[in-house]
Every structure is written in structure tokens, then in C-alpha cells.
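Report on one structure; see the data block that follows.
Number of protein chains: 4
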Amino acid sequence: MPDRFGYYQNELYLQGYGGTKPPFSTDATKLEDSAAEVLDPEAFSYVAGGAGSGATMRANREAFDRWKLVPRMLTDATERELDTTVLGTAMPAPVLLAPVGVQSIVHPEAESATARAASALGVPMVMSTASSTSIEDVAQASGEGPRWFQLYWPGDPDVCGSILARARAAGFSTLVVTLDTWTLGWRPCDLDAGYLPFLRGLGMAVAFSDPAFRQLLDKPPEQDTPTAVLRWISMITGTDRHWSALPFLREHWDGPIVLKGIQHVDDARRAVDAGMDGIVVSNHGGRQVDGAAASLEVLPEIATAVGDRIEVLFDSGVRTGADVLKALALGAKAVLLGRPYVYGLALGGEDGVRHVLRSVLADLDLTMALSGHRSPADLTAAALRRA
Amino acid sequence: MPDRFGYYQNELYLQGYGGTKPPFSTDATKLEDSAAEVLDPEAFSYVAGGAGSGATMRANREAFDRWKLVPRMLTDATERELDTTVLGTAMPAPVLLAPVGVQSIVHPEAESATARAASALGVPMVMSTASSTSIEDVAQASGEGPRWFQLYWPGDPDVCGSILARARAAGFSTLVVTLDTWTLGWRPCDLDAGYLPFLRGLGMAVAFSDPAFRQLLDKPPEQDTPTAVLRWISMITGTDRHWSALPFLREHWDGPIVLKGIQHVDDARRAVDAGMDGIVVSNHGGRQVDGAAASLEVLPEIATAVGDRIEVLFDSGVRTGADVLKALALGAKAVLLGRPYVYGLALGGEDGVRHVLRSVLADLDLTMALSGHRSPADLTAAALRRA
Amino acid sequence: MPDRFGYYQNELYLQGYGGTKPPFSTDATKLEDSAAEVLDPEAFSYVAGGAGSGATMRANREAFDRWKLVPRMLTDATERELDTTVLGTAMPAPVLLAPVGVQSIVHPEAESATARAASALGVPMVMSTASSTSIEDVAQASGEGPRWFQLYWPGDPDVCGSILARARAAGFSTLVVTLDTWTLGWRPCDLDAGYLPFLRGLGMAVAFSDPAFRQLLDKPPEQDTPTAVLRWISMITGTDRHWSALPFLREHWDGPIVLKGIQHVDDARRAVDAGMDGIVVSNHGGRQVDGAAASLEVLPEIATAVGDRIEVLFDSGVRTGADVLKALALGAKAVLLGRPYVYGLALGGEDGVRHVLRSVLADLDLTMALSGHRSPADLTAAALRRA
Amino acid sequence: MPDRFGYYQNELYLQGYGGTKPPFSTDATKLEDSAAEVLDPEAFSYVAGGAGSGATMRANREAFDRWKLVPRMLTDATERELDTTVLGTAMPAPVLLAPVGVQSIVHPEAESATARAASALGVPMVMSTASSTSIEDVAQASGEGPRWFQLYWPGDPDVCGSILARARAAGFSTLVVTLDTWTLGWRPCDLDAGYLPFLRGLGMAVAFSDPAFRQLLDKPPEQDTPTAVLRWISMITGTDRHWSALPFLREHWDGPIVLKGIQHVDDARRAVDAGMDGIVVSNHGGRQVDGAAASLEVLPEIATAVGDRIEVLFDSGVRTGADVLKALALGAKAVLLGRPYVYGLALGGEDGVRHVLRSVLADLDLTMALSGHRSPADLTAAALRRA
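Quick look at the structure:
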């Protein structure tokens with residue numbers, strides 16, 4: 038049924054007619070407000086906050102407002118086909134769940150709940166290295182659902198190799214390597230609260246369950262967690278890699294490799310030259326560099342420069358169906374959705390994630406329909422107008 | 038008396054001197070605030086809300102602010118003639134009441150009150166297919182007043198033909214076909230409230246009173262309303278037409294036909310090629326596609342492209358006399374006023390609609406006068422300046 | 038003493054050191070807030086409000102923000118000479134008090150208090166036809182101070198001639214003819230309150246004391262005031278003049294004539310062609326046409342077009358010394374200050390007007406000094422930068 | 038340890054893990070709010086306020102938002118070297134403490150606390166002529182720390198010479214001559230409060246301890262302070278110098294001389310021609326001229342015009358690490374940080390200043406790292422994008 042996403046609209050109206058309102062809002066802004074009410078303030082700030090003065094987060098949102106859709110009429114867009122295939126992964130719509138670590142700070146079922154919700158819809162989940170749940174457990178929760186693995190690149194090659202091997206073994210098809218977070222950005226909200234969940238041993242499931250990492254520690258799992266935490270943190274942060282290091286990943290991963298955090302057209306070209314399979318144009322949702330360009334602002338020139346030599350994905354600032362459509366029209370093959378689904382998780386676990394995801398997809402489907410587009414392939418910059 | 042609209046100013050001042058203030062504000066923003074106080078929250082949100090994040094509604098308003106009037110002095114604009122004729126309909130000013138459905142949710146007299154108010158001023162009312170009042174009852178309330186009929190295009194040709202025939206028989210002169218709402222936009226306010234008035238059988242008067250529709254149901258009117266509602270909704274929504282379907286309308290309507298919802302210059306050209314008589318440049322007041330271009334932003338290039346080969350009307354975002362003047366100067370032959378009169382209806386029934394309409398027309402008349410223009414025909418882009 | 042205006046700064050600091058704070062703020066925004074507290078709401082709205090949605094008032098302020106001063110250093114601006122001569126009137130700084138009618142609604146001493154304050158500083162006052170005080174009484178209060186007369190042009194030539202003759206006889210040197218208010222703008226604040234002070238016989242002193250007007254009424258002064266009011270209002274409003282009517286004024290006024298309300302470069306050129314002596318680039322402080330261009334936005338092209346063939350004055354939106362400086366740099370010979378002094382009058386009568394005027398002049402003087410300019414003649418567009 | 042500044046991030050997180058939050062925020066906006074709570078309102082307004090309507094302060098902040106960083110990936114920025122040398126002064130990062138007078142109004146230890154904090158980090162402090170602490174006492178508190186001296190140029194040559202000689206003798210290496218404050222700007226906040234700390238004898242330590250000034254007064258120190266204050270104020274304010282006066286400074290200062298307050302490219306060129314060693318592109322944090330151009334807006338053209346013929350420094354509006362980076366990328370060799378450290382002083386004396394300084398430097402270090410830059414020398418306009 039090609040319009041199954043848009044059908045969520047009918048479902049909600051019919052439930053409303055029957056006296057049942059949706060448990061959480063269909064509006065991303067209200068979701069954030071609701072999440073702020075139920076979450077521990079530190080956890081909420083960790084999720085919602087950004088680098089420095091928050092300028093990059095604001096820029097991300099403002100950039101979407103500078104591009105306007107120009108709907109077309111009488112195009113016979115009755116039947117939409119939103120499905121697409123990115124790097125061999127078929128997905129029902131050009132939307133993935135962005136990698137978000139340490140989801141246990143917002144809900145006890147954490148990444149497992151997220152994986153179940155994504156899987157039920159067939160939407161790919163990009164699992165974070167900093168998950169609260171092990172690779173194998175996420176894979177199990179994910180079931181038949183498509184899954185990609187995000188890497189924070191550990192310094193020790195054995196540990197890195199071990200993690201990658203486990204991810205491949207667990208059915209993760211594509212590797213997403215985060216380039217923009219080799220050290221943590223300056224985040225006043227978290228600093229003022231003295232809050233870094235990893236120091237409390239949270240978000241360490243991938244590491245703690247890794248045999249190579251355990252061997253390196255040379256200690257039984259039940260002992261010496263603080264040491265393990267610090268060892269892992271030091272392995273992940275503080276060291277910037279160089280383009281010359283990329284072959285290591287290719288040696289240890291036989292699937293597609295995507296570089297996440299590209300913001301400059303020359304870096305995108307270099308990713309092509311390095312033989313990468315994809316990039317994610319992203320500023321990490323404004324969490325790393327304050328005062329940075331909106332991710333959407335740099336997307337068009339990057340997409341134009343690399344053409345079809347590499348798959349271009351996008352994240353940072355996506356909140357609505359129109360946002361997805363705009364990113365696609367400006368050259369993205371698919372977009373990654375981040376904070377909104379985490380708010381859904383906070384508010385309702387698996388159900389919350391599914392509600393948020395269905396809402397965004399319904400919004401996307403209807404916005405496609407009403408602007409006269411039948412499939413993502415129809416979308417070009419001609420669908421937009423610069424304000 | 039050519040300045041009868043502006044005279045409402047004197048009337049209000051004289052009433053004030055006599056101790057009587059106007060029952061509702063002369064300011065559209067305050068009207069909305071007042072309506073929010075008297076209406077059921079769901080009904081208010083249904084009227085005031087828009088698609089997605091509300092970006093299109095905001096864009097509509099901001100677009101008016103980017104064009105500035107440059108008043109001319111000593112032009113002898115004492116005598117204004119605001120009257121005009123659009124597609125054979127004479128009207129005292131280039132303003133019509135936009136089609137707004139299901140007016141019973143804001144006032145029990147609904148479209149009849151609106152029709153009486155419009156008729157008293159000679160302002161054309163565009164009756165919605167989704168009215169709470171039947172075609173014949175609106176016609177009766179409208180009396181000698183000019184009236185156009187807006188069509189949500191039913192899937193069944195017999196039902197469509199029947200409705201059009203009734204509208205013609207009831208003295209509706211011009212057909213306005215809404216293109217941008219073949220499925221409903223994603224509206225978080227309504228979705229969060231689970232509120233769609235049609236599911237409650239509201240706004241169904243045209244359908245329920247239609248013999249062809251009743252015959253299709255094969256049930257007596259008093260039975261099975263839920264089925265009728267769902268049948269009607271399925272007939273109206275979910276199917277996008279193609280340009281090739283337009284001849285059907287021409288076959289069933291011997292008056293002028295206007296396409297409403299045009300936002301792209303190529304669609305405007307295509308309307309000309311399809312032999313249509315008019316278009317309404319409109320984004321449905323921001324209710325359908327989130328993140329869309331302001332209706333006023335696309336007006337100038339559309340007006341330029343089609344020239345005088347087709348009548349260009351305009352709506353979306355009009356709140357003040359200056360807004361009307363700007364749209365006219367940018368190429369519209371007339372504008373449709375929407376939400377403000379519905380707030381007037383909510384606050385005071387027929388009197389409220391008349392007050393709002395007189396206020397906008399007075400504002401228009403005085404703004405014409407004080408910027409040095411005697412008639413709509415004087416208005417060109419030379420009256421404006423881009424900010 | 039060339040820096041006497043800036044010296045007000047020292048005076049205020051020394052008073053503060055002695056324990057005395059200024060009775061009212063030196064900040065125009067705070068003055069408005071304070072005036073809102075002491076005035077009757079209707080009177081405050083009448084003064085502070087504007088046409089329609091208030092867009093023109095906002096545009097006026099925003100326009101100042103788009104031009105930025107670029108201060109120059111080490112220019113030896115120790116000694117400033119702010120005095121100038123406009124149309125034969127010497128003034129200590131290029132600032133006049135704009136014509137504001139019906140000042141009795143904010144303070145019982147009304148225009149007399151204003152005249153005394155202006156006179157004490159040598160600043161020209163432009164007296165309004167709609168004053169609460171007669172021509173002769175304002176002249177007396179003004180003493181040796183320079184004074185100009187603003188005309189709302191009465192329909193009856195004898196009455197008009199009589200008023201002009203009285204103004205000349207009373208020592209008013211220059212005639213300022215308001216073009217933009219031959220009918221009143223649409224002002225929702227006042228309309229909603231049903232408040233027009235003139236209907237209550239306020240602001241009628243010039244008319245009521247005029248023998249030609251009294252003769253026209255053919256009634257003794259103590260009788261039939263409502264009739265007189267309506268007669269006067271009908272004489273002033275509703276009729277737009279044409280350029281061809283200007284010779285009448287020249288016949289009845291042997292001093293300089295200035296046209297107030299020019300907003301289009303072609304109208305400015307036409308004023309030159311009509312042999313006028315000056316223009317005021319003005320949109321009446323946003324009180325007449327909603328959605329109009331900022332007065333400051335149209336100033337540069339007008340000043341460039343007319344060159345030195347006519348004196349160019351400016352008003353609408355001036356609040357600070359930097360505003361004055363910007364208008365001068367963009368081509369104005371002098372500026373008219375409006376609402377701020379009325380707030381001063383509301384708050385403290387003559388003292389209040391003097392305080393506000395001294396504050397603006399001190400601010401101007403210091404801003405001139407610190408941006409490196411010794412006299413208004415130094416100011417060109419080179420002092421500014423477009424933001 | 039090249040990343041010692043960024044390490045403050047770890048320190049704060051580890052303290053937080055141990056249960057200790059930072060005493061004050063790491064966010065400049067929150068620091069200001071906190072300072073507003075602890076300070077006397079007059080003192081707070083004196084520090085936080087600006088000239089006129091505050092437009093220049095707002096412009097300063099908005100200008101930073103118009104330039105966006107475009108982070109580069111995989112540049113191997115692990116090891117940063119932020120240290121630089123400006124006019125012979127080595128500093129660990131291109132950041133100095135801007136001259137701020139009369140610090141006793143926010144903390145009893147005033148400039149001494151500031152000097153100790155700066156010295157501990159090796160960051161140069163620019164001591165103000167208007168300090169609450171004598172030259173010799175600041176020098177002592179500064180210890181081995183680098184120190185520059187800011188001059189408000191006294192009218193009496195002997196007093197000026199004496200002060201300069203004392204500063205040189207006390208180890209101040211570089212002279213920063215403030216050009217933009219030869220008279221005080223119009224500051225409504227302070228004027229409304231009647232608050233000028235100097236009139237109360239505050240911020241007079243340099244003058245009162247100066248033998249030449251005392252000799253001029255011909256009175257023993259314990260007598261006649263009001264006279265001394267007024268004499269000093271009159272010596273400092275009211276007289277604008279000319280470029281031709283600069284040789285006097287060169288005669289009395291054998292170290293580098295920097296002109297502070299340059300905002301026009303021609304003045305920058307003239308500083309080169311006058312043989313100056315450096316300039317500070319600055320509008321005094323918006324405290325002097327209202328409605329002025331943002332300091333950052335004029336920086337690029339000034340830096341381009343003077344090239345490497347003179348050292349270009351920058352201040353006005355710097356709040357975050359990204360701000361510093363942007364100013365460096367647009368041509369500044371180093372930036373001066375003002376209000377934020379004063380808020381730190383207000384909140385926690387020496388500790389507060391150190392915390393603020395470490396926060397800004399950590400933010401700078403991490404922003405450099407994550408945008409892919411290893412040293413200030415790497416930064417060019419290519420790191421930025423105009424929004």
C-alpha cells in the first residue's frame with residue numbers, strides 16, 4: 038500500500054473520533070517540551086543541548102526556513118512510492134534513524150526499544166558505538182530490520198577490529214564512521230551540570246561486552262569499572278585521524294563505508310577520492326562546533342560536486358516532513374532523523390519511537406503528495422525556491 | 038457614493054463619541070485573539086492552524102512585509118472607484134469571501150450568516166463544498182448577492198455533476214476548483230486533538246442533500262450517517278486529478294471556471310493552455326503544505342507570465358487593506374479574504390462578518406486614497422518598493 | 038559654547054552624584070513606557086499608535102538599524118558647531134519640533150508648554166493647525182523662539198487665508214503644508230476605542246478662534262460647538278488637493294513653503310518644479326498608510342534627486358542622536374522630532390519637553406563628536422555603512 | 038601540553054562526576070545573568086550597558102552570527118599550538134584581557150584579582166588608566182605575567198609623561214592608546230541612575246598615586262578629593278586629539294604602541310603611516326557610539342588593507358571560542374576579551390576570572406580542534422562562510 042505512511046493521519050483522526058488522542062504530540066517542538074517535563078534535567082539537556090552558544094543548532098533550523106517548497110498541481114500524485122535503496126539497503130522511505138548513544142538515560146529499554154520500533158516499520162537504524170546495549174542485543178531486537186553500525190574509532194586496532202567483526206557478524210550491513218567527534222565539543226549545559234553519562238559507566242555496552250577490550254584490561258568484568266571507563270574514553274577521544282588512516286577500516290569491513298560529519302565540499306571530494314561509499318553531510322546536530330554553518334546550507338554544493346560518485350546522506354536539524362523533502366531536493370539520497378525519535382523514546386519507549394517515526398513519515402508522504410511528487414527520485418532543486 | 042467603505046471610519050468614531058465602541062476589534066490580530074477566547078479550543082485550532090510547523094502561514098505574513106507602499110501626494114484621489122468586474126461578476130471592491138467549510142463549528146447560523154453579510158455589501162461569497170449549509174440555503178440567504186461555488190471534486194461523476202447542476206441552478210455564477218486539497222495536509226494541532234469535524238458529520242450539508250449522493254448510498258437520509266460520512270470522505274480525498282481531467286468540469290459547468298491553489302508559474306501557464314478562465318494564486322492559507330513559498334512571493338512572476346490571458350486572483354495571508362493593495366499591485370485582479378471573516382462570524386454571526394468586511398474595505402479604501410490611487414486599475418508594481 | 042548640548046551629560050551625572058536622578062528617562066523607549074503609565078489609555082494610544090497593523094512604524098525604526106555609523110578617530114572634533122540655518126531660520130542644531138496636534142490630551146499646558154521649552158533652547162517649533170492652543174497664544178509662549186506653522190488645508194479659501202494671515206502676523210516664518218493627511222488613516226487602536234479627540238472639541242483652538250471660520254458659522258462662539266466641530270472636520274478632511282492648487286498658498290504666504298509627507302522621488306522633483314522651498318520626507322510617523330516604506334529608506338534617493346534645489350527635511354522614526362546623524366548623512370538638512378517630546382510633555386510639561394530635547398541634542402552632540410564630525414555640514418553618506 | 042586549555046573540559050566533567058559543579062557557568066550569557074543578581078544594579082548596568090539604544094552592542098553580537106565556521110575533517114588536529122607572539126609579547130593563546138576600568142565596583146580585589154588570574158595562565162592583561170588599583174600594585178599582582186598598559190590620554194603633558202614612565206618602570210611592555218573615548222558616550226542606563234563611578238573617586242588610583250598629578254594639584258593627598266576628581270576628569274575628557282599629536286607618545290614610550298578604537302579602513306591606513314605598531318579594531322564594546330557598525334563587520338577590510346604592515350587586534354562582542362576563531366580568521370592577530378571576565382570577577386574574584394578565561398580558552402581550543410585547525414596561523418577566511 039503505497040500511501041501507508043500518510044494513512045497514519047486517518048488513523049489518528051479516527052482514534053480521535055473514538056475518543057482517543059495520540060499519547061504524544063505529532064509536532065516535534067511539542068515533543069521536545071514534553072520530553073523536558075518527563076526527563077531528568079541533566080539527561081534532557083544532554084539530548085537537547087548543543088555546542089557553545091547553541092548557534093549551530095539555531096542555524097540548522099533557520100536554514101530549512103530559507104528554502105521553500107513550490108507545490109505543483111494536477112500531477113496525479115495519488116500513488117506515491119517512497120521506498121528507496123541506499124548502499125544496498127532497501128528502505129520504505131529515504132529516512133534512517135541517526136546514531137544516538139546512551140539511550141538508557143532516557144528510557145530503560147534504550148536502544149532495544151528503538152530497534153524494535155524501527156524494525157517494525159522497516160526503517161534502518163544506525164546503532165551507535167556509544168550504545169547502552171550491546172551489538173548483539175540490538176541486532177536481536179532489530180530482528181529482520183535493516184541495521185547499520187556507527188563507529189567511534191577506538192585507538193587500539195585489535196579492539197576496533199573486534200567491534201567491527203562483531204557488528205558484521207550481527208548483521209549490520211553498512212559502517213558509518215563519525216569524523217566530527219574525535220574529541221567532545223564544548224557544551225556549557227553539560228559542563229555546568231558536570232554531567233557526562235559515560236563517566237558513570239553508561240553507554241559502554243559495546244566496549245564492556247567486547248572480548249578484545251576486556252583482554253586489554255586484563256580484568257574480569259565485574260571488577261574495576263572506573264578503570265575500564267577511563268581506558269575506553271581515552272581510546273575514543275583525543276586523537277584526530279587523517280585521511281591516510283581510512284584503509285584500516287576497509288580492511289576490517291567488507292560492506293559499504295560512510296563518512297559522517299562532512300561539511301566542506303573539498304572533504305566530500307576527498308571522500309570520493311578515498312573510495313568511500315557514502316558521506317553524511319552533518320554537523321552532528323550542532324553538538325560539536327559552535328557557530329558552524331548549517332548542515333543544509335552546505336548540502337547543495339557538496340551534492341553538486343560529488344554527483345553520483347558517492348551516496349550523499351544528510352542530517353542535522355530535520356524535524357518535519359517538509360525538512361526531509363527539502364534535503365532530498367537539495368541532493369541527499371536519504372536523511373537521518375535524530376533528537377525527535379529520542380524524545381519519542383523518552384515519552385513512550387518503543388511506542389513513542391514508532392509514533393514519532395510514523396508521524397514524520399506520514400508528514401513526508403503527505404507533503405510529497407500535496408507538492409506533486411510521487412517518489413524521491415522526482416525531487417530536484419526545481420521543487421524549491423530560495424527565500 | 039464612491040467612498041462608502043472608508044466612511045465606516047467616520048461611523049465608528051461617531052459611535053465612539055456617542056459612547057458605543059465597536060463590538061469587535063478592527064484589527065485582524067486582535068480578532069483572532071478574541072475568537073480564541075470564545076471558541077471551543079478544537080474549533081479555534083481548526084480555523085487558525087496550519088500545516089506542519091506553521092512555516093507557510095508565517096511565510097505568508099512575512100511576504101507582505103517585504104513589499105512596501107510608496108504613497109504619492111497631491112494626486113486628487115478624493116473620489117475613488119473601487120468597484121471592478123471579475124469573470125462577469127460585478128463587485129464593489131476587488132475582494133471576495135474565500136471558501137471556508139464547516140462554518141457551523143464557529144457559529145450556529147454558519148454560512149447563512151456569512152451569505153447575508155456578504156450580500157448586504159454586494160461582496161461575492163465563494164461557497165465551499167464542505168459547507169454546513171446546503172447550496173440552496175446559502176443561495177437563499179445570499180439573495181441578490183453575487184455567489185461563486187467552490188468544488189472539492191467528488192470521485193463519482195454523477196455526484197459531481199449533480200452538485201454542479203444544483204449550484205448552477207441556485208445562481209452560483211463561477212466555479213472555483215480547489216486543486217491543493219485532494220488529500221488533507223498534516224496538521225499537528227488537529228491531529229493532536231484527534232479533531233476532524235467531517236467525521237462528526239459536520240460540513241456535509243452539500244453531500245447529504247444531494248440526490249445523486251443519496252442514491253449512491255441507497256439508504257434513506259435518516260439512516261447510516263457514519264457510512265455516508267465515510268463514503269463522502271473517500272470520494273473527496275485520496276485521489277489527485279490530472280490536467281487531462283479538466284474537460285469534465287467544462288462539460289458540467291457553463292460558467293467561468295477558476296483553478297485555486299496555483300503556486301508555480303508553469304502551472305499557471307498550463308491553466309491558460311487548458312482554457313481555464315481564472316486562477317487563484319494560493320497556498321490555502323498555509324493549511325496544506327508546510328515549508329511552502331509564500332503565496333505573495335510567487336504572485337508577481339505568475340501574473341507577469343500569464344498577462345491578461347486569464348484572470349489572476351489571490352489569497353493566503355491577507356489581513357489588512359494594505360495587504361489587498363499590495364496583492365493588486367503585484368498583479369491580482371481581486372483577493373479572497375479568509376480567516377478574518379470567520380473570526381467575525383465566531384464573534385458576532387452576520388454582524389461580525391459584516392463588521393470585519395467593512396473594516397477591511399474601509400482600510401483598503403483609505404489606504405488607496407492616502408497612497409494616491411483612485412481605482413484598482415491604477416495599481417501597478419510601481420506603487421510598491423521591495424524592502 | 039559649542040558643546041552646550043553634550044554638557045547636559047555632565048549635568049545629569051553631577052546631579053546624580055548629588056543624589057538627584059533625572060525625573061524621566063533619557064531613553065526614548067523608556068519615556069514611552071512611562072508615558073503609557075501616566076496617560077489615559079485612549080490618549081496614549083492616540084499618540085503612540087499608528088495606521089493599520091503598525092507595519093510602517095516598525096519599518097521606520099528598522100530602517101535606522103540598517104544604516105551604521107563608522108566613527109573616525111583623531112579628527113580633532115573637540116569643538117562642534119551644530120547650528121545651522123534652514124530657510125532663513127537659524128537654529129542651534131538641525132532639529133525642529135514636529136507639528137503635533139491636540140497636545141492638551143497629554144498635558145493641560147499643551148502647546149504653550151512645548152513652545153516655552155523649545156524657545157528656551159532656541160529650537161524651532163512647528164505649530165500644528167490642530168493645536169489645542171491658538172496661534173496667538175503659542176506665539177506668545179514662544180516669545181523670541183523661532184516658529185513655523187503647519188497647515189491642514191481648510192476647504193474654504195477665506196478661512197484658509199485668515200489662518201495663514203494670522204500665523205504670519207504672529208511671527209511664524211515658514212509654512213509647512215501637510216499633504217499626507219487630507220483624510221485620516223485607518224487606526225485600529227483609536228477606532229476600537231471610538232476615540233477621536235477632535236469630535237470632543239479638542240484641538241480646535243485655531244479654528245474656533247478664527248474670525249473667518251466664526252463668520253462662516255454665523256453663530257456666536259458660545260453656541261453650537263458640535264456643529265462647529267463637524268463643519269471644521271469636513272473642511273479639513275475628505276478632499277485631496279492637486280499640484281495645481283499650490284499657487285493659492287503662495288498667494289497667501291510670503292515666507293518659505295515646505296511640503297510635508299513626500300515619499301516618492303517623483304513627488305520631490307515635482308515639488309521643485311512647483312517652486313516650493315522645502316520638503317519633509319515623512320510618512321507621518323507611520324500614522325497614515327500601513328505597510329508603507331520607511332521614511333529613511335526613501336530619503337537618500339530623494340536627496341540625491343533634488344540636490345540643492347530645495348531644502349530636504351526629514352521625520353518619522355527619529356528617537357536618538359544617532360538617528361538624527363544618520364538622517365543628516367543621508368541628505369536631510371534637518372530633522373523633526375515628534376513623539377518623544379510629546380512623551381516628555383505628558384510626563385513633565387515644559388520641563389519634560391526640555392529634558393527630552395536636551396537629551397536628544399546631547400546625544401546628537403556626543404555622537405557627532407565621537408564619530409569624528411564637527412558640524413552637520415561634515416556629514417555625508419561616507420559616514421555610514423549599509424548593514 | 039598543547040591541549041591544556043581544552044583539558045579544562047575534562048576537569049569539569051571529572052569534578053561533576055565527583056559531585057562538584059563549577060561555581061559559575063561556562064556560558065557567557067548565563068554569567069551575565071548571574072552577575073546581574075549579585076551586583077548592585079548601578080554597577081551591573083555600568084558594566085553591561087552601552088551607548089544610546091544599545092544598537093551597537095546588538096550589532097556586535099549579530100555580526101558574529103553572520104559568519105559561520107565550516108569544519109574540516111581528518112586533518113590530524115590532535116596536537117594544537119595556540120601560542121603566539123604579538124608585538125614581542127609571547128602568549129599561550131591569541132587572547133588578552135581587554136582594559137576595563139574601575140573594577141572595584143564589582144569586586145573588592147578589583148584589578149589585582151584580575152592580574153593574578155591572568156598571570157597564572159600567562160595571558161596578557163591590558164591594565165586600564167581608569168583602574169581602581171595603582172600601576173605598581175597591578176604590576177605586583179601580575180608577577181611574571183605579561184602586561185600592557187592602556188592610556189586615557191591626560192591633557193597635561195607632565196602627568197601623561199609621568200604615568201607612561203611609571204608604566205614602563207613597572208614592566209608594562211606595550212602601550213594601548215584608546216582613541217574612541219576622549220569624551221564619554223551617551224549612556225541612558227547610567228544617566229538615568231546618575232551613576233558615574235569616577236565622580237565618587239573610584240577608578241582614580243592611577244591618577245591619585247601619580248606624583249606629577251599630585252604636584253599639579255598642589256595639595257596633600259588626604260585633602261580635597263573632589264577637586265582632584267574633577268581636575269582629573271577634565272584632563273581626560275573633552276579634548277579630541279589629532280594624528281599630529283601621536284609623536285608625543287612615541288617620545289614617552291619606547292615600547293610598541295597600539296591605537297585602540299579603529300573602525301574605518303582609512304584610519305587603519307593612517308595608523309600605518311603614523312608608524313604605529315598595532316591597532317585594535319574596536320567600538321569599545323558598543324559603549325561609545327550608538328548605531329555604529331559592528332566591530333567584526335569592519336575587520337576584514339581593515340585587515341586586508343593594512344596587511345602585515347601593522348599588527349591588527351580585535352575586540353567588541355567576543356563571548357565564545359567560536360567568536361575568537363572567527364575574528365582570527367578574518368584577520369585579527371589576537372582578540373581582547375572584556376565583559377565576560379568582569380562578570381567572572383564579580384562572581385568569584387580571582388577564581389572567577391580564571392574560570393571564565395579557562396572556559397573561553399578551552400572552548401577556543403576545542404573549536405579549533407574540531408574545525409580542523411592546529412594553530413592560529415592556519416586560520417584564514419577560507420575557514421568561514423558568510424551566512
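Chains as they are written, first to last, in the working numbering: chain S, 38 to 424; chain U, 38 to 424; chain C, 38 to 424; chain R, 38 to 424. Note that CB positions come from ideal geometry on N, CA and C, so glycine has one too.
Closest to residue i by CA distance: which of the options is it?
i: Arg391(C); options: Leu133(C), Gly125(C), Asp303(C); result: Leu133(C)
i: Ile142(U); options: Ala135(U), Ser169(U), Leu158(U), Ala154(U); result: Ser169(U)
i: Ala369(R); options: Ser90(R), Ser199(R), Thr262(R), Ile339(R); result: Ile339(R)
i: Thr264(R); options: Asp277(R), Leu286(R), Phe235(R), Arg287(R); result: Phe235(R)
i: Glu99(C); options: Val355(C), Gly208(C), Val318(C), Ala152(C); result: Val355(C)
i: Ser332(C); options: Lys297(C), Ser165(C), Ser246(C); result: Lys297(C)
i: Ala419(S); options: Thr151(U), His301(U), Leu111(U); result: His301(U)
i: Asp345(R); options: Tyr232(R), Ala85(R), Arg306(R), Trp269(R); result: Arg306(R)
i: Ala371(U); options: Gly358(U), Glu288(U), Gly238(U); result: Gly358(U)
i: Ser90(R); options: Ala85(C), Ser82(C), Leu68(C); result: Leu68(C)
i: Ser171(U); options: Arg237(U), Glu74(U), Gln187(U); result: Gln187(U)
i: Leu106(R); options: Tyr378(S), Asp415(S), Asn320(S), Leu421(S); result: Asn320(S)
Considering only DSSP beta bridges, list what residue i is partnered with.
i: Leu333(U); result: Answer by DSSP bridge pairing: none, since Leu333(U) is not bridged.
i: Thr126(C); result: Val123(C)
i: Met94(C); result: None, per the DSSP bridge assignment.
i: Thr262(S); result: Paired residue(s): none; Thr262(S) is not in a bridge.
Name the chain C residues whose beta carbon is nearer than 7 Å to that of residue i?
i: His301(R); result: Val107, Arg109
Show which residues of chain R have a CB atom less than 8 Å away from the CB atom of residue i.
i: Trp290(S); result: The premise fails here: Trp290(S) is roughly 17 Å from chain R at the closest Cβ pair, so nothing lies under 8 Å.
Please list, in chain order, the chain U residues whose beta carbon lies closer than 8 Å to that of residue i.
i: Tyr54(S); result: Gly231, Leu233, Leu236, Arg237
i: Asp70(S); result: Chain U residues near Asp70(S): none, gap ~12 Å exceeds 8 Å.
Using a Cβ cut-off of 7 Å, pull out every chain U residue sitting near residue i, in sequence order please.
i: Asp388(S); result: By Cβ distance, chain U contributes nothing, its closest Cβ being about 16 Å from Asp388(S), past 7 Å.
Identify the contact partners of residue i in chain R, using a Cβ-Cβ distance below 7 Å as the criterion.
i: Trp280(S); result: Leu111
i: Gln325(S); result: Leu407
Could you tell me which chain C residues have their CB closer than 9 Å to the CB of residue i, listed as they occur along the chain?
i: Gly298(R); result: Pro108, Met110
i: Asp352(U); result: Those do not exist, as Asp352(U) stays about 17 Å from chain C at its closest Cβ, beyond 9 Å.
- prompt: What are the complete beta strand (DSSP E) segments, minimum 3 residues, inside the stretch 171–258 of chain C?
  reply: Secondary structure remark: continuous beta strand (DSSP E) runs of at least 3 residues inside the stretch 171–258 of chain C, in chain order: 184–188, 211–215.
message: Taking 8 Å as the cut-off, does the stretch 45–62 of chain S touch the stretch 223–235 of chain U (at least 3 CB pairs, one atom from each stretch)?
response: The answer is yes - the stretch 45–62 of chain S touches the stretch 223–235 of chain U, with three or more Cβ pairs under 8 Å.
task: Tell me, please, whether the stretch 52–66 of chain R touches the stretch 144–157 of chain C by the rule of three or more beta-carbon pairs shorter than 8 Å.
output: The stretch 52–66 of chain R makes no contact with the stretch 144–157 of chain C, as fewer than three CB pairs between them are under 8 Å.
message: I'd like to know if the stretch 308–326 of chain U and the stretch 284–298 of chain U are in contact, where contact means that at least 3 CB-CB pairs between them fall below 8 Å.
response: At 8 Å Cβ cutoff, the stretches touch.
query: Quick check: the stretch 386–404 of chain U against the stretch 123–140 of chain U, are there 3 or more CB pairs under 8 Å?
result: In short, these stretches touch, since the Cβ pair count reaches three.
query: Taking the runs of the beta strand (DSSP E) that are 3 residues or longer, which of them lie wholly in the stretch 391–423 of chain U?
result: Assignment of beta strand (DSSP E) within the stretch 391–423 of chain U, counting only whole runs of 3 or more residues, yields 421–423 in chain order.
task: Decide if the stretch 159–179 of chain C is in contact with the stretch 100–113 of chain C; the criterion is three or more beta carbon pairs, one per stretch, under 8 Å apart.
output: Cβ pair count under 8 Å is below three, so no.
- prompt: Do the stretch 244–257 of chain U and the stretch 192–203 of chain U make contact, defined as three or more Cβ pairs closer than 8 Å?
  reply: With a cut-off of 8 Å, the stretch 192–203 of chain U and the stretch 244–257 of chain U count as touching, because enough Cβ pairs lie within range.
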